[in-house]
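One structure is given here, and the rest of the page talks about it.
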Amino acid sequence: MKFLEFVPQTDDIDMERIERFHNYMQERRASICSERAVLYTESFRETEGEDYTIRKAKAFAHTLRHMTIYIEEDSLIFGNQASRNFAAPIFPEFSIDWVVKELDEFDKRSGDVFYITEEVKEDIRRIAPYWHGHTHEDEVQRTTTESVRMAEKQKVIHRGGISMSGDGHIVPKHELILEKGFRAISEEAKEKLKGAGLTEENRVFYEAVVIALEGALDFIKRYAALARELAEKEQNPKRREELLAMGEMAETLMERPAQSYWEGCETVYLVHMLQMIESNGHSFCYGRFDQYMYDLYRHDIDHGILSVEKALEITTHMFLMNSGNNKVRPYGHTRFSQGHPLYSNLMVGGYRPDGTDGSNELSALCIEAMNLTAMAEPNFSMRYNADTPESLLRLAGRLIRTGCGMPSMFNDDAAVRGLESLGIKREDALDYCAIGCVETGVPGKYGHRATGMTYVNWGKILELVIYNGTDPDSGIQMMSVNGQPGKDITYKSYDEMWAAWKKLLKFYSDIAVECDVICDKALAVYDADPFASCFIDNCMEVGKLLKNGGCQYDVISQSNIGPAVLGNSFEAIKKLIFDEKKLTWDELKHAMEVNWMGEEGKRVHDLVKSAPKFGNDEDEVDGIVRDIFESYLELLPAYKTDRTGRGPEVSCYTMSTSNITSYVPNGLDVGATPDGRMARSPLNEGCSPTQGTDVNGPTAVIRSVSKLPNWKVAAGQLLNMRFAPGTLAGEENLQKFVGFLRASQRMGIYHNQFNVIDSTTLRDAQKNPEQYTDLIVRVAGYCAQFVSLMPETQDAIIARTENEW
1 MKFLEFVPQT
11 DDIDMERIER
21 FHNYMQERRA
31 SICSERAVLY
41 TESFRETEGE
51 DYTIRKAKAF
61 AHTLRHMTIY
71 IEEDSLIFGN
81 QASRNFAAPI
91 FPEFSIDWVV
101 KELDEFDKRS
111 GDVFYITEEV
121 KEDIRRIAPY
131 WHGHTHEDEV
141 QRTTTESVRM
151 AEKQKVIHRG
161 GISMSGDGHI
171 VPKHELILEK
181 GFRAISEEAK
191 EKLKGAGLTE
201 ENRVFYEAVV
211 IALEGALDFI
221 KRYAALAREL
231 AEKEQNPKRR
241 EELLAMGEMA
251 ETLMERPAQS
261 YWEGCETVYL
271 VHMLQMIESN
281 GHSFCYGRFD
291 QYMYDLYRHD
301 IDHGILSVEK
311 ALEITTHMFL
321 MNSGNNKVRP
331 YGHTRFSQGH
341 PLYSNLMVGG
351 YRPDGTDGSN
361 ELSALCIEAM
371 NLTAMAEPNF
381 SMRYNADTPE
391 SLLRLAGRLI
401 RTGCGMPSMF
411 NDDAAVRGLE
421 SLGIKREDAL
431 DYCAIGCVET
441 GVPGKYGHRA
451 TGMTYVNWGK
461 ILELVIYNGT
471 DPDSGIQMMS
481 VNGQPGKDIT
491 YKSYDEMWAA
501 WKKLLKFYSD
511 IAVECDVICD
521 KALAVYDADP
531 FASCFIDNCM
541 EVGKLLKNGG
551 CQYDVISQSN
561 IGPAVLGNSF
571 EAIKKLIFDE
581 KKLTWDELKH
591 AMEVNWMGEE
601 GKRVHDLVKS
611 APKFGNDEDE
621 VDGIVRDIFE
631 SYLELLPAYK
641 TDRTGRGPEV
651 SCYTMSTSNI
661 TSYVPNGLDV
671 GATPDGRMAR
681 SPLNEGCSPT
691 QGTDVNGPTA
701 VIRSVSKLPN
711 WKVAAGQLLN
721 MRFAPGTLAG
731 EENLQKFVGF
741 LRASQRMGIY
751 HNQFNVIDST
761 TLRDAQKNPE
771 QYTDLIVRVA
781 GYCAQFVSLM
791 PETQDAIIAR
801 TENEW
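Reminder that position 26 of the sequence shown reads as 26 in full-length UniProt numbering, one-by-one numbering, no gaps.
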């Protein structure tokens with residue numbers, strides 16, 4: 001392992017241990033754990049007839065008091081989500097039928113394989129009848145409307161996680177937790193229960209908070225006993241001393257405020273992991289780690305309690321522990337989120353709430369820790385602006401050029417402007433962080449789901465434009481563009497076709513919002529999360545869970561897939577059919593229907609491929625992609641969330657282009673498109689150019705993206721780029737890359753992330769996966785082991801343009 005710049009000066013950092021711990025985490029195998037499912041079932045059987053939120057809190061506490069705990073042999077941080085490292089718990093209150101159906105298939109998947117024992121299978125089969133018909137997924141299915149079902153059959157929308165799992169996408173108020181501890185918050189809830197005028201909802205909320213926090217405190221104390229027990233058996237004096245210190249820490253941890261940087265790291269990791277035991281959502285994030293941890297860090301350094309080297313070691317261990325957590329999804333939904341992702345974003349850098357730049361020594365230390373970690377979790381991000389120190393940008397560039405795909409870079413100016421446009425206070429907008437992939441929101445004040453509600457396949461809507469609202473695969477026509485049944489339609493002008501797009505976009509966006517509300521209402525019951533809620537403003541003040549209106553800001557968005565494919569297609573139609581009249585509608589349709597095969601198909605394919613493509617700094621096609629964004633953005637003010645008017649100061653929809661790996665499976669549902677894309681191939685990812693169509697270099701890409709309404713995409717605009725390794729080699733090229741980042745910031749690019757790897761290496765990894773278990777790639781708004789991905793996603797990454805200066 002090599003440092004980026006940091007050179008250790010003392011023996012306080014054990015590099016051999018870090019490397020050993022890293023290798024252990026890298027080689028771990030995903031498996032299924034039944035403990036949580038069994039323990040939740042035990043508790044639910046005992047609490048029949050009680051309020052559901054209370055039952056959830058009691059089941060959470062029961063599980064924490066009885067689940068298996070362990071301390072990793074090489075770790076300075078304790079806390080486990082399941083009975084084994086990298087084992088995924090089962091959450092039967094959210095969904096169970098698909099789990100039973102796939103029990104014998106988990107270890108046979110082509111990607112995201114999970115090993116499972118016969119004992120675990122038997123546990124799950126034994127408890128499944130109790131939950132059948134009584135889960136979140138069952139409630140969603142009972143209340144789903146015919147319009148949503150039909151749109152799903154057309155493959156225009158996909159519900160995925162929101163219909164069968166928890167919500168996640170949340171950042172707790174870490175400052176509150178570190179300054180108070182669990183005990184003080186529990187006592188506050190007890191005092192609230194003594195107040196006058198409480199509603200039944202208030203009473204249930206505060207009781208559930210007390211139950212959950214008391215369970216969490218008991219859970220932590222179990223590690224105190226375990227650490228002392230392990231210390232008695234330990235032969236290595238240094239490790240025995242560490243275990244005794246961990247035991248002492250666990251005895252009082254969160255009974256009071258965090259006492260040290262080590263305690264702070266332990267606390268934020270435990271909170272992260274406990275949220276994942278309470279709910280099987282994902283994107284439980286760390287927020288602005290270098291801001292809320294800085295005072296503890298500085299205090300310990302200044303008082304000689306901690307050396308910089310030891311702080312780096314503790315931080316690296318905390319980062320590595322994240323790779324021991326896991327989540328299992330149905331195989332069908334796994335296609336949308338491959339690589340065992342948890343999207344646990346940890347962010348450094350950026351403005352403070354007062355508008356000054358908050359970069360500090362801990363920002364740089366976290367970059368070094370991520371370099372030593374070199375794993376997919378945490379999902380590491382960095383904010384930057386015109387005042388970001390050059391030295392910090394260069395250090396980020398050094399990490400990026402190692403090829404680990406991190407950090408992803410967020411432009412403060414664009415993100416802050418977007419959040420302010422929603423009505424969020426400036427000081428809060430300045431304090432934003434990433435929540436998951438590239439979703440942005442205010443830590444400690446946002447509710448669930450900055451993005452990731454219903455997925456909407458814009459590539460499929462494009463097909464419906466071409467075929468008069470009729471899906472060519474299923475034959476379903478939910479609405480006709482020209483008022484006639486069937487798929488025959490001929491547009492006489494580009495404006496007429498554009499009007500059809502807007503008509504269909506609104507129709508299906510309305511249905512997607514309807515779908516969101518259906519899932520939200522079920523989640524308000526089944527994802528009751530008093531532990532997570534009590535760390536978010538204003539839940540404790542108003543006595544409400546997040547899903548019932550407790551948060552200060554309730555901003556959500558959907559995942560819209562394929563804007564560049566759509567823009568390139570509209571440009572080809574406009575240019576070749578309407579402007580130059582080189583093609584007719586019938587010629588284009590026929591060539592697409594035969595997937596560009598045959599002499600005539602190839603002739604048409606050559607024509608459409610020659611049309612301008614987004615990502616090459618060509619104004620006309622870039623303008624069309626911009627218009628596509630605007631056509632969706634203008635719909636959003638009319639949409640309301642399920643919590644509008646029920647508590648949050650701001651409750652609204654915004655836009656995001658964070659769609660994880662869904663551009664691959666969504667592409668499988670779409671035939672050939674007028675831009676020359678082959679049938680069933682991936683759509684484009686986020687606001688990135690369609691794979692391989694950007695041919696004028698990286699500066700042309702950001703010029704094209706700069707023409708989009710980036711700041712209006714206030715839940716996160718995703719741009720993914722790939723560079724040849726030699727492009728960033730050496731100090732001169734590193735400085736060019738820093739200049740590229742500076743230019744991106746000035747041009748208003750919301751976000752950019754990078755793979756620095758060549759196609760030859762990626763293809764060799766496909767052929768020899770056992771030799772590339774350490775190969776981490778930027779998949780979408782997250783990173784993953786390349787060899788864990790399905791072949792289709794691997795191919796999509798290889799197809800990205802390999803940029804050079």
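Where a beta carbon is used, it is the ideal one built from N, C-alpha and C, also for glycine.
Sub-8 angstroms separation of residue i and residue j beta-carbons
i           : j      : result
Gly567      : Val621 : yes
Cys285      : Lys445 : no
Asn326      : Pro378 : no
Met478      : Met150 : yes
residue 836 : Ala386 : The structure shown does not extend to residue 836, since the chain is modelled only from 1 to 805, so the question has no answer here.
Ser381      : Lys502 : no
Glu463      : Ala715 : no
Ser658      : Thr451 : yes
Gly459      : Thr673 : yes
Cys539      : Gly781 : no
Val156      : Ile461 : yes
Met1        : Glu27  : no
Val456      : Ile561 : yes
Ser557      : Ser656 : yes
Contacting residues, own chain, Cβ-Cβ under 8 angstroms from residue i (five flanking each side not counted)
i           : result
residue 808 : As displayed, the chain neither begins before 1 nor continues past 805, which places residue 808 out of reach and without an answer.
Ile536      : Ile170, Pro172, Lys173, Gly444, Lys445, Tyr446, Gly447, Leu546, Gly550, Cys551, Gln552
Arg65       : Gly215, Asp218, Phe219, Arg222
C-alpha gap between residue i and residue j, whole angstroms
i      : j      : result
Asp675 : Cys366 : 43 angstroms
Ala700 : Trp805 : 11 angstroms
Ile314 : Ile400 : 22 angstroms
Thr690 : Ala799 : 9 angstroms
Lys767 : Arg603 : 35 angstroms
Ser359 : Tyr351 : 8 angstroms
His134 : Ser165 : 13 angstroms
Ile749 : Lys707 : 9 angstroms
Gly692 : Arg240 : 55 angstroms
Ile573 : Met592 : 13 angstroms
Ser559 : Arg142 : 24 angstroms
Ala638 : Cys687 : 24 angstroms
Phe114 : Lys108 : 8 angstroms
Ile127 : Phe91  : 11 angstroms
Leu762 : Pro791 : 11 angstroms
Glu248 : Glu73  : 18 angstroms
Tyr261 : Met273 : 18 angstroms
Same chain, Cβ closer than 6 angstroms to residue i, neighbours up to 5 away in sequence not counted
i      : result
Val120 : Ile32, Ser34
Arg183 : Glu255
When the options are compared against residue i, the one with the closest alpha-carbon
i      : options                        : result
Lys192 : Gly181, Ile177, Glu179, Ala208 : Ala208
Tyr343 : Glu427, Tyr491, Gly287         : Gly287
Val695 : Gln753, Leu718, Arg703, Asn803 : Asn803
Leu636 : Ala564, Asp14, Ser421          : Ser421
Leu504 : Cys519, Ile466, Val517, Ala524 : Ile466
Ile71  : Ala231, Ser163, Glu427, Asp104 : Ala231
Phe754 : Leu762, Phe723, Gln484         : Phe723
Tyr206 : Gly623, Tyr653, Ala528         : Ala528
Thr801 : Asn733, Pro725, Phe786, Gln9   : Pro725
Boundaries of the beta strand (DSSP E) in which residue i is found, first to last residue
i      : result
Met597 : It is not in any beta strand (DSSP E) - Met597 carries neither H nor E in the DSSP assignment.
Val308 : Counting along the chain, Val308 falls outside any beta strand (DSSP E), though it belongs to the alpha helix (DSSP H) covering 308-321.
Met409 : 408-411
Val7   : Val7 -> no beta strand (DSSP E), and no H or E assigned at all.
Pro89  : 87-89
Run of the alpha helix (DSSP H) containing residue i, from where it starts to where it stops
i      : result
Ser666 : It is worth fixing the name first, because residue 666 is Asn in this sequence and not Ser. From DSSP, the alpha helix (DSSP H) with Asn666 extends over 663-668.
Ala700 : 698-706
Ser359 : Segment: none, Ser359 is in no alpha helix (DSSP H) and carries neither H nor E.
Arg394 : 390-401
Proximal residues to residue i (C-beta, below 7 angstroms), its chain only, five neighbours per side dropped
i      : result
Phe94  : Thr135, His136, Glu137, Met164, Ser165, Gly166, Asn280, Tyr526
Met497 : Val465, Tyr491, Ile573
Closer than 7 angstroms: residue i CB and nearest the ligand MG heavy atom
i      : result
Gly739 : The ligand content of the structure shown is nil, which means the ligand MG is not present either.
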